[in-house]
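As structure tokens, this is what we get:
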């Protein structure tokens with residue numbers, strides 16, 4: 001599933017389209033390490049707050065253990081990554097990408113195969129640890145709302161509620177992308193979660209037509225959502241769980257539910273042709289180990305991908321991140337394999353639908 005809080009620019013990279021996605025666009029450098037003869041590793045990651053959490057729990061401990069200076073660039077521009085690999089001028093060593101891109105681009109030769117003699121799969125499944133991609137954290141697309149307009153006792157819980165403009169009048173907003181709004185529409189129309197894939201696209205568009213006029217805006221950056229809710233543009237919107245969690249901590253009058261949330265992964269890849277492949281592999285091994293992932297999960301807004309790391313978290317942290325057994329049962333896991341096969345044709349139809 002394509003997450004990213006940011007612009008979708010070229011979707012022609014791998015099939016007929018190439019997309020560039022970004023979170024909050026900031027650039028940061030990190031690295032301790034003593035000066036001379038220190039190895040250097042360039043990592044590309046998403047928003048500044050996520051980077052700060054990773055610096056404290058993953059990057060700085062790795063620098064100290066391996067006498068490495070890590071430089072961080074942001075955001076992971078998929079078009080730039082492909083151009084580097086195609087041109088044989090790779091300056092990025094490790095990149096954080098969404099699982100859709102990690103799987104698809106890996107199969108088309110953009111990434112080095114992961115060495116699972118170095119990187120350990122303990123706590124991972126075949127879906128979260130593939131030939132070229134291993135998940136670092138998961139995130140959920142959730143239903144969010146303005147708490148000054150909707151109180152907790154009457155809060156929406158399902159995508160059917162999202163679609164109910166009589167019960168919840170006002171504008172709607174969602175990520176300007178065919179995934180996961182297709183899943184949302186079908187769930188709202190009564191399709192059981194375990195029967196969701198393959199998606200019935202005709203049925204999804206028919207359901208989307210019911211509230212098309214209520215979509216006052218389509219967001220392209222997850223950080224936009226709290227503003228859209230607070231300024232009244234939308235009464236209810238899709239959002240990323242971590243974005244709303246952060247805003248709640250800051251006192252912004254927004255909330256969300258994990259019920260019916262659609263969960264996806266992002267994780268690490270190594271661009272084909274990097275000069276630091278061995279060190280990059282060591283970094284990924286370190287960053288995905290249960291103990292290190294658990295430390296990340298204690299402070300981050302997104303859940304560790306390694307199940308053994310989740311097991312090490314407190315119940316309070318598991319609940320905050322939406323990964324208690326009870327909360328996980330309420331959520332739907334996005335099917336990247338479906339989108340890899342069907343993205344192009346659905347994207348074309350979705351773009352046409354927006355213009356109608």
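Residue numbers (the numbering used here): 1 to 356. Heads up, the beta-carbon is just placed ideally off N, CA and C, and yes, glycines get one too.
*Buried versus exposed call for residue 219 [16 or more other C-beta atoms within 10 Å across all chains shown]*: Counted from its first residue, the chain shown places residue 219 at position 219. Residue 219 comes out buried.
*Does the Cβ of residue 329 have 16 or more other Cβ atoms within 10 Å, making it buried, or fewer, making it exposed?*
Counting from one through the chain shown, the residue named residue 329 turns up at place 329. The residue is exposed, with fewer than 16 neighbouring Cβ atoms inside 10 Å.
*Burial state of residue 224, where buried means 16 or more other Cβ atoms lie within 10 Å*: Indexing the chain shown from 1 puts residue 224 at position 224. The residue is buried, with at least 16 neighbouring Cβ atoms inside 10 Å.
*Can you check whether the CB of residue 74 is closer than 7 Å to the CB of residue 45?*
As a first step, residue 45 must be located in the chain shown, where it is residue number 45. As a first step, residue 74 must be located in the chain shown, where it is residue number 74. Between residue 45 and residue 74, the CB-CB gap stays under 7 Å.
_Own chain, CB closer than 7 Å to residue 247, minus 5 neighbours either side, in chain order_ = Indexing the chain shown from 1 puts residue 247 at position 247. Counting only Cβ-Cβ distances below 7 Å, and skipping sequence neighbours, we find 226 and 254.
*asked:* What would DSSP say about residue 267, mapped onto helix, strand or coil?
replied: Here residue 267 is taken as the residue at index 267 of the chain shown, counted from 1. DSSP places residue 267 in strand when its eight states are reduced to three.
*asked:* At the level of alpha carbons, what is the spacing between residue 50 and residue 289?
replied: Against the chain shown, residue 50 aligns to sequence position 50. Against the chain shown, residue 289 aligns to sequence position 289. Looking at the backbone, the Cα of residue 50 and that of residue 289 are separated by about 18 Å.
*According to DSSP, is residue 340 helix, strand or coil?*
Along the chain shown, read from residue 1 onward, the residue named residue 340 stands at position 340. In this structure, residue 340 counts as helix in the three-state DSSP scheme.
*Are the CB atoms of residue 39 and residue 279 nearer to each other than 7 Å?*
In the chain shown, the residue the question calls residue 39 occupies position 39. In the chain shown, the residue the question calls residue 279 occupies position 279. When the beta-carbon positions are compared, residue 39 and residue 279 come within less than 7 Å of each other.
*Separation of residue 138 from residue 197, as counted between CA atoms*: Here residue 197 refers to the residue found at position 197 when the chain shown is read from its first residue. Here residue 138 refers to the residue found at position 138 when the chain shown is read from its first residue. The straight-line gap from Cα to Cα measures roughly 20 Å.
_Once DSSP output is grouped into helix, strand and coil, what is the label at residue 98?_
Start at 1 with the first residue of the chain shown, and residue 98 comes out as number 98. Look at residue 98 here: in three-state DSSP terms it is strand.
*To which residues does DSSP link residue 44 through a beta bridge?*
Position 44 of the chain shown, counting from 1, holds the residue named residue 44. Paired residue(s): 73 and 95.
*Across which residues does DSSP place residue 39 in a beta bridge pair?*
Here residue 39 corresponds to residue number 39 of the chain shown, with the count starting at 1. Its beta-bridge partners are 68.
*Where do the ends of the beta strand (DSSP E) carrying residue 78 lie?*
If you number the chain shown from 1, residue 78 lands on position 78. Run containing residue 78: none in the beta strand (DSSP E); it sits in the alpha helix (DSSP H), 78 to 87.
*If you count every other CB in all the chains shown that lies within 10 Å of the CB of residue 341, and 16 or more means buried, which is it?*
Here residue 341 refers to the residue found at position 341 of the chain shown. Around the CB of residue 341, fewer than 16 other CB atoms lie within 10 Å, so the residue is classed as exposed.
_Measuring straight from C-alpha to C-alpha, what distance separates residue 24 and residue 295?_
Residue mapping note: residue 24 aligns to position 24 of the chain shown, counting from 1. Residue mapping note: residue 295 aligns to position 295 of the chain shown, counting from 1. Residue placement at residue 24 is flagged as unreliable, the pLDDT there being 41, under the threshold of 50; the coordinate-derived value follows with that caveat. Between residue 24 and residue 295, the alpha-carbon positions lie close to 23 Å from each other.
*Within 10 angstroms of the Cβ of residue 231, are there 16 or more other Cβ atoms? Answer buried if so, exposed if not.*
Within the chain shown, the letter at position 231 stands for residue 231. Counting of Cβ neighbours within 10 angstroms places residue 231 among the exposed residues, the total staying below 16.
_With distance defined between alpha-carbon atoms, name the residue in 60, 245, 76 and 242 nearest to residue 267._
The count along the chain shown starts at 1 and reaches residue 267 at position 267. Residue 76 is the option with its Cα nearest to residue 267.
*6 Å Cβ shell around residue 57 - same chain, five flanking residues per side excluded*: By one-based count along the chain shown, residue 57 stands at place 57. 295 and 296, listed in sequence order.
*Which ranges does the beta strand (DSSP E) cover as unbroken runs of at least 3 residues, wholly within the stretch 187 to 249, from first to last along the chain?*
Listed in chain order, they are 215 to 219 and 236 to 240.
*Rounded to whole angstroms, what's the CA-CA distance from residue 305 to residue 53? Just pull it up for me.*
Along the chain shown, read from residue 1 onward, the residue named residue 305 stands at position 305. Along the chain shown, read from residue 1 onward, the residue named residue 53 stands at position 53. Rounded to the nearest angstrom, the two C-alpha atoms are 15 Å apart.
*asked:* I'd like the list of long-range same chain contacts for residue 148, defined as Cβ closer than 6 Å, with 5 residues on each side in sequence excluded.
replied: By one-based count along the chain shown, residue 148 stands at place 148. The beta carbon of residue 148 lies closer than 6 Å to those of 253 in the same chain, with the five residues before and after it left out.
*Would you tell me roughly how many angstroms separate the C-alpha atoms of residue 286 and residue 271, rounded to the nearest one?*
Mapped onto the chain shown, residue 286 falls at position 286. Mapped onto the chain shown, residue 271 falls at position 271. Answer to the nearest angstrom: the Cα atoms are 18 Å apart.
*Does the beta-carbon of residue 314 have 16 or more other beta-carbons within 10 angstroms, so that it is buried, or is it exposed?*
The residue you call residue 314 lines up with position 314 of the chain shown. Residue 314 counts as exposed, since fewer than 16 other beta carbons sit within 10 angstroms of its beta carbon.
*Buried or exposed: residue 345, going by 16 or more other Cβ atoms within 10 Å of its Cβ?*
For the purposes of this step, residue 345 is identified with residue 345 of the chain shown, where counting begins at 1. By the neighbour-count criterion, in which 16 or more other beta carbons inside 10 Å mark a residue as buried, residue 345 falls on the exposed side.
*Provide the residue(s) that pair with residue 257 in DSSP beta bridges, ordered along the chain.*
Position 257 of the chain shown, counted from the start, is the residue given in the question as residue 257. BP columns for residue 257 point to 143.
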